[in-house]
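*Asks:* I am attaching a structure below and will ask some questions about it afterwards.
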Amino acid sequence: MSEGPQGRSVSTFGKLLPFVLAAWAVAMAVFGFLVTRHPGALVLPLVYLVALVTMAWTAAGRTLVARIGLGLVMVGAALAFMVMFFVEGGRNPTSLMFGAILLLGSVAVILLGLPGLAGPTSVVDWFPLLAAAAAVLMTAVAYLSTRNLGSLVFGGLFMATAVVTMIAAGATGPRRFGLGLVAVAGAVGLIYFAVISGAGVPMIVFGAVVLLSAGQLLTAGVRPAPDQ
C-alpha cells in the first residue's frame, strides 16, 4: 500500500528535522558561548547534538528505550541551555526562544521516530534509560538547590556519559565492553570531581545511579552468550 501525500510529507519532515536541529545546536553552541563566555553555553548544545546524532543516524537510536533515553538527554540539555542563556545573557525573555527551539524540536523528533521501534527484552535493557533519567534529574535538582550555573555543566557532562552508555547498549562484543568502560570511567571521574569540589549530595547520589547503570551494562557485556 503506497503512502499518501500526507504520509510522505510527515516522512520528509521527519528526515529533515534532525539536520535542522543539528545545525541549530551548533549555532547555539557558538552564539551562546560568544554571548555568555560561560563553558556551559558551549557544553550543553554539544551534548544535545551528540544525543541527536546518536538517535537519528546510528544503530544505537533504533530501540524504544534508547530513543526515550536519548530524548530525555536532549530535553534536559535544551532546558539547561535555556536557563544558562537566560541567566548569563542578561535575563532577556527573548533569549529563552533560542533554547525553546531545541526543546520543541527534540520532542518532535522523539515522537516521529517512536512507531515500530523494538521494545526492551530484559531488565538490563532499561539501565541506559535509568542513566539518562538520573543525569537529567541530577541537573535539575542540583541547580534548583544551589542556583549555581556550574551544576548545569556538571549535569551536561553526566548526560554525555549517559549517551555513551546508550551507545554501548547498542553495540556488541569488544566494542560494547570498551564503550561501557568509557562510560564507567567517565562517571567515576565526574563523581570524584563532584566530591572534591563540594558539588553537593544530589549530584553525587544521582551520579552514583549513572555509574551503577553503566557498570551493570559493562558486566552484562562480558557475560557469555547462552548456548543455542
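The opening position of the sequence shown corresponds to residue 507 in the numbering used here, with each subsequent residue numbered one higher. Cβ coordinates follow ideal geometry from the N, Cα and C atoms, glycine included. Please read all numbers here as calculations on a predicted model, not as lab measurements.
By Cβ distance below 6 Å, which residues in the same chain neighbour leucine 550 in space, the five residues on each side in sequence not counted?
*Replies:* Stepping through the sequence shown from its first residue, residue 550 is reached at position 44. Same-chain partners within the cutoff: Ala583, Ala586, Phe587 and Gly662.
*Asks:* Give me the Cβ distance between threonine 678 and valine 716, rounded to the nearest whole Å; I'm assuming they're in contact under 8 Å.
*Replies:* Here the question's residue 678 lines up with position 172 in the sequence shown. Here the question's residue 716 lines up with position 210 in the sequence shown. Threonine 678 to valine 716, Cβ: 22 Å. No contact.
*Asks:* Report the partner residues of threonine 569 according to the DSSP bridge assignment.
*Replies:* In the sequence shown, the residue the question calls residue 569 occupies position 63. According to DSSP, threonine 569 bridges with Ala624.
*Asks:* How many angstroms separate the CA atom of asparagine 654 from the CA atom of alanine 638?
*Replies:* Here residue 654 is taken as the residue at index 148 of the sequence shown, counted from 1. Here residue 638 is taken as the residue at index 132 of the sequence shown, counted from 1. Between asparagine 654 and alanine 638, the C-alpha separation is close to 21 Å.
*Asks:* Using C-beta distances below 8 Å, list every residue in its chain close to leucine 555, excluding the 5 sequence neighbours before and after it, in chain order.
*Replies:* Working through the sequence shown from its first residue, we reach residue 555 at position 49. Excluding positions up to five away in sequence, the list reads Ala528, Ala531, Val532 and Ala535.
*Asks:* At the level of alpha carbons, what is the spacing between alanine 720 and valine 541?
*Replies:* As a position in the sequence shown, residue 720 is number 214, starting the count at 1. As a position in the sequence shown, residue 541 is number 35, starting the count at 1. Each residue's Cα considered, the two are about 35 Å apart.
*Asks:* Is it buried or exposed for arginine 682, if we count other Cβ within 10 angstroms and need 16 for buried?
*Replies:* Here residue 682 corresponds to residue number 176 of the sequence shown, with the count starting at 1. Arginine 682 is buried by the Cβ-count criterion.
*Asks:* Leaving out five residues before and five after proline 599 in sequence, what residues of the same chain have Cβ atoms less than 7 Å from its Cβ?
*Replies:* The sequence position of residue 599 within the sequence shown is 93, counting from 1. Correct list: empty, nothing qualifies.
*Asks:* Less than 8 Å between C-beta atoms, sequence neighbours within five positions excluded: which residues of the same chain meet that for glycine 676?
*Replies:* Your numbering for residue 676 matches position 170 in the sequence shown. Result list for glycine 676: Thr564, Ala565, Ala566, Gly567, Arg568, Thr569 and Ala572, in chain order.
*Asks:* With a threshold of 6 Å on Cβ separation, who are the neighbours of alanine 640 within its own chain once the five nearest residues in sequence on each side are excluded?
*Replies:* The count along the sequence shown starts at 1 and reaches residue 640 at position 134. Cβ neighbours of alanine 640 beyond the five flanking positions: Phe712, Val715 and Val716.
*Asks:* Between which residues of its own chain and serine 657 is the CB-CB distance below 6 Å, once the five residues before and five after are set aside?
*Replies:* Here residue 657 refers to the residue found at position 151 when the sequence shown is read from its first residue. For serine 657, where only same-chain residues beyond five positions count, the Cβ hits under 6 Å are Ala648 and Tyr649.
*Asks:* Helix, strand or coil for threonine 560 per DSSP?
*Replies:* By one-based count along the sequence shown, residue 560 stands at place 54. Helix, per DSSP.
*Asks:* Use the C-beta contact count for threonine 671: other C-beta atoms within 10 angstroms, 16 or more gives buried, fewer gives exposed.
*Replies:* By 1-based counting over the sequence shown, the position of residue 671 is 165. Answer is buried; the Cβ neighbour count reaches 16.
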